[in-house]
Amino acid sequence: MKFEYAPAPESTSIVNIKPSYDLFIDGKFVASKTGRKFETINPATEAVLAEITEASDADVDAAVKAARSAFKSWSKLPGTERAKYIYRIARIIQDRAREIAVLETLNNGKPIRESRDVDIPLVAAHFFHYAGWADKLEYAGMGPAPTPHGVVGQIIPWNFPMLMLAWKIAPALAAGNTVVLKPAETTSLTALLFAEICQQAELPDGVVNIVTGAGNTGRAIVNHPDINKIAFTGSTEVGRMIAQAAAGTNKKLTLELGGKAANIVFDDAPIAQTVEGIVNGIFFNQGHVCCAGSRLLVQESIHDELMALLYQRLDLLRVGDPLDKNTDVGAINSAAQLAKINELAASGDAEGAHRWSASCALPATGFWFPPTVFTNVSQAHRIAREEIFGPVLSVLTFRTPDEAIAKANNTPYGLSAGIWTEKGSRILEVASKLRAGVVWANTFNKFDPTSPFGGYKESGYGREGGRHGLEAYLVASKHD
Ligand code: NAI
Ligand code: MG
541 MKFEYAPAPE STSIVNIKPS YDLFIDGKFV ASKTGRKFET INPATEAVLA EITEASDADV
601 DAAVKAARSA FKSWSKLPGT ERAKYIYRIA RIIQDRAREI AVLETLNNGK PIRESRDVDI
661 PLVAAHFFHY AGWADKLEYA GMGPAPTPHG VVGQIIPWNF PMLMLAWKIA PALAAGNTVV
721 LKPAETTSLT ALLFAEICQQ AELPDGVVNI VTGAGNTGRA IVNHPDINKI AFTGSTEVGR
781 MIAQAAAGTN KKLTLELGGK AANIVFDDAP IAQTVEGIVN GIFFNQGHVC CAGSRLLVQE
841 SIHDELMALL YQRLDLLRVG DPLDKNTDVG AINSAAQLAK INELAASGDA EGAHRWSASC
901 ALPATGFWFP PTVFTNVSQA HRIAREEIFG PVLSVLTFRT PDEAIAKANN TPYGLSAGIW
961 TEKGSRILEV ASKLRAGVVW ANTFNKFDPT SPFGGYKESG YGREGGRHGL EAYLVASKHD
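If you read the sequence shown in our numbering, its first letter stands for residue 541, the second for the next number, and so on.
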């Protein structure tokens, strides 16, 4: 029996998108000194949503100056006072949650179900969590009187625009730093809404500055001489360039880069639950997830049974209008990202893997890719080694736990991993041997503001979230 779903679109009347946006510097929206603008679109329809400013070197310099000036008083406020502002921001985010979720879905293409139920609640949770830390910095593990770095430059990607902003700004402010943040060029609108929220919270001018733009604006932040710390989330390629630029300077650096996570299924795994976990691992957020479970390692004896159930399940996924409350998989974020996914999938065909795609109809406009699975994948294939960052799963098999661990660790990355088994002892044994920052057991893609997140090897360095995430924003106090 096939179920039909009537459309259940979320209304967009709650968002008020301006035709054109300036930069947010020193508590005010100000025009760029050079005046260059570019369009931002809805990737599900290709409709233009607004014009965004491309910040120049001079604009970045003005933002850094504002942050430097604000740092003097912000860093001297008692932690309890900084906490009040951060709590206020958290409560405004909860109050305006639906508006933020709709705007995020319009600009990013992710399903409203996810922006409403996952991204934005987690954004508020991060601000609440770090508000609680602001007057307890002596317990952050950095000595009795840790101090902030100063002005922090933060560059974030497009896959979780508002959530990555929260991961970066909340701990930075709690620790007493001031911020110059650049959202990704395809998804700037929620960061600009966040600027309005800073005004609404009466955050002191210059504590948070939002400069929009692409790589050149990011480079201007990285190379600015008066920035004390850089936090970056994005591609390994750009992360490498930033590490080179920061080397030999006094700038502190944390990098959160790509991944190619192994999701390991043993023959005793609870199979229905595992199928749901695999789907959540790679099709959540269209697979635009650095910790996505993109390499499925299945014990050979259950491969055929598991794959049959997985194909059945994937054929039920609803792909399409991200604003429809029934949609499971939304739009690919950009034409460039879709081209990258197509190129890597074609390499899978050419190298001899077998492609299966869900039999869903795709909308005629916008950027779309059906949920796709490659079997007969070998470790040498590009689709087993490179981050696809899309709704594409590569399936490999193993016979013994040792083989699973060896294959899981055979990657230049090490951000996350998953283990599916009934045996607690096996979970502990395998987890201890996986070279990955986060290991999920019988679940996947679960996030919590109290839990540290970060990678090994080419996945980057530094941790975000929880007490560990504060360390990156503090200088340890010297013991006498
Ligand atoms: P990207 O690394 O170019 O973009 C991330 C951020 O860095 C954006 O804000 C961008 O404007 C900025 N940026 C770009 N060039 C810069 C430079 N030279 N200096 C300073 N900042 C710069 O990522 P892109 O091109 O959007 O995606 C390419 C691939 O990277 C994806 O296909 C995916 O595999 C991976 N990626 C990983 C992410 C993660 O969360 N780990 C997030 C986004 C992309
Ligand atoms: Mg790039």
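Each residue gets a CB set at the ideal place from its N, CA and C atoms; glycine is no exception.
Can you give the Cα-Cα distance for residue i and residue j, rounded to whole angstroms?
i, j, result
"Gly693", "Ala771", "6 Å"
"Lys676", "Val778", "34 Å"
"Asp1020", "Ala680", "Its pLDDT being 47, under 50, Asp1020 is placed unreliably in this model, and the value from its coordinates should be taken loosely. Near 18 Å, if we compare the C-alpha coordinates of Ala680 and Asp1020."
"Ala637", "Ala623", "20 Å"
"His669", "Glu1011", "15 Å"
"Ser897", "Gly994", "31 Å"
"Asn873", "Ser999", "22 Å"
"Ile629", "Gln839", "47 Å"
"Val859", "Val979", "29 Å"
"Tyr851", "Leu662", "31 Å"
"Leu836", "Asn699", "22 Å"
"Pro684", "Val1015", "11 Å"
"Gly821", "Ser609", "43 Å"
"Asp1072", "Trp614", "The requested residue 1072 does not occur in the structure, where the chain is confined to residues 541 to 1020."
"Thr937", "Pro723", "39 Å"
"Ala735", "Phe564", "7 Å"
"Ala885", "Ala879", "10 Å"
"Cys738", "Asp597", "24 Å"
"Ala714", "Ile626", "7 Å"
"Ser551", "Lys986", "28 Å"
"Thr580", "Tyr996", "34 Å"
Just to check, is the beta-carbon of residue i closer than 6 Å to a non-hydrogen atom of the ligand NAI?
i, result
"Leu884", "no"
"Gly831", "One point to set straight first is that residue 831 is Cys, not Gly, in the sequence displayed. False, no ligand heavy atom lies under 6 Å from that Cβ."
"Ile695", "yes"
"Phe611", "no"
"Lys771", "Per the sequence presented here, residue 771 reads as Ala, with Lys not at that position. The answer is no for Ala771."
"Met702", "no"
"Glu654", "no"
"Arg1003", "no"
"Leu563", "no"
"Val1015", "no"
"Arg835", "no"
"Lys605", "no"
"Phe734", "no"
"Gly716", "no"
"Met781", "yes"
"Glu927", "yes"
"Asn699", "yes"
"Arg759", "yes"
"Ala1012", "no"
Answer yes or no: does any C-beta atom of chain D fall closer than 7 Å to that of residue i?
i, result
"Ala546", "Absent here is chain D; the protein component of the structure consists of one chain."
Ends of the alpha helix (DSSP H) at residue i?
i, result
"Trp614", "Asp597 to Trp614"
"Ala771", "That residue, Ala771, is in no alpha helix (DSSP H); its beta strand (DSSP E) goes Lys769 to Thr773."
"Lys792", "Taken as a continuous stretch (DSSP letters only), Lys792 belongs to no alpha helix (DSSP H), being part of the beta strand (DSSP E) at Lys792 to Glu796."
"Trp673", "Ile660 to Trp673"
"Phe734", "Leu729 to Gln740"
Would you list the one or two residues that DSSP bridges to residue i?
i, result
"Ala523", "Residue 523 lies beyond the range of the chain shown here (541 to 1020); nothing can be said about it."
"Phe938", "Gln839"
"Leu846", "In DSSP, Leu846 forms no bridge with anything."
"Thr718", "Val691"
"Gly758", "For Gly758, which the question treats as bridged, DSSP gives no partner whatsoever."
"Tyr679", "The partner list for Tyr679 (beta bridge, DSSP) is empty, contrary to what the question assumes."
"Thr593", "Lys577"
Could you spell out the range, first to last residue, of the beta strand (DSSP E) harbouring residue i?
i, result
"Thr915", "Thr912 to Thr915"
"Lys973", "No beta strand (DSSP E) holds Lys973; the alpha helix (DSSP H) holding it covers Gly964 to Lys973."
"Phe568", "In the sequence as displayed, the identity of residue 568 is Lys instead of Phe. Here the beta strand (DSSP E) through Lys568 covers Lys568 to Val570."
"Asn749", "Val748 to Ile750"
"Phe578", "Lys577 to Ile581"
"His894", "His894 to Ser897"
task = Starting from the N-terminal end, write out each residue whose C-beta falls within a distance shorter than 6 Å of any non-hydrogen atom of the ligand MG.
result = Any heavy atom of the ligand MG counts here; residues with a Cβ closer than 6 Å to one of them, in chain order, are Ser775 and Val778.
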